[in-house]
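Undergrad: Going by this note's numbering, the first residue of the sequence shown is number 943, and it counts up by one from there.
Glycine included, each C-beta is placed from N, C-alpha and C at the ideal position.
In this text the structure is predicted, and so the values were computed from the model without any measurement.
This is the structure I have questions about; it appears just below.
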Amino acid sequence: MSVMIKLSREGRNNLPFFRVQVIDKQYSPKSGKTLEYIGTYSPTGTNEKFEIKQDRLKFWTDRGALVSERIQKLLKKLAKSAK
């Protein structure tokens, strides 16, 4: 089983909200076959908000989970803002 960490879109028209989920790579984020939700991302408004459970991210990446490009960019931005 190949596992990937992806964003899944929630919310409504013109107000997107994303959940960071761990999912089997062969399924779509909307399929309902999520293994675990580990964070959220809200790109709207003046303050973009990205929250993720670092311990669960480490748990899944240590077990071979791949991280999507978009989440990699968000993690870099989060690390940069924390400094």
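Whose C-beta lies closer than 6 Å to the C-beta of phenylalanine 959 among residues of the same chain, with five residues either side of it excluded?
TA: As a first step, residue 959 is located in the sequence shown; it is residue number 17 there, counting from the start. Correct list, in chain order: Glu952, Gly953, Ser984.
Undergrad: Under 7 Å from any heavy atom of the ligand ADP, does the C-beta of asparagine 989 make it?
TA: In terms of ligand content, the structure shown is empty, and the ligand ADP therefore cannot be addressed.
Undergrad: Applying the criterion that 16 or more other CB atoms from any shown protein chain within 10 Å of the CB defines a buried residue, is lysine 948 buried or exposed?
TA: Reading the sequence shown from its first residue, position 6 is the one you call residue 948. Flag for lysine 948 reads buried.
Undergrad: Which value, in whole angstroms, describes the spacing of the CA atoms of lysine 1025 and asparagine 989?
TA: Translated into the one-based positions of the sequence shown, residue 1025 becomes position 83. Translated into the one-based positions of the sequence shown, residue 989 becomes position 47. Computed Cα separation, rounded: 17 Å.
Undergrad: Under three-state DSSP, which class holds arginine 1005?
TA: Position 63 of the sequence shown holds residue 1005. Correct three-state label for arginine 1005: coil.
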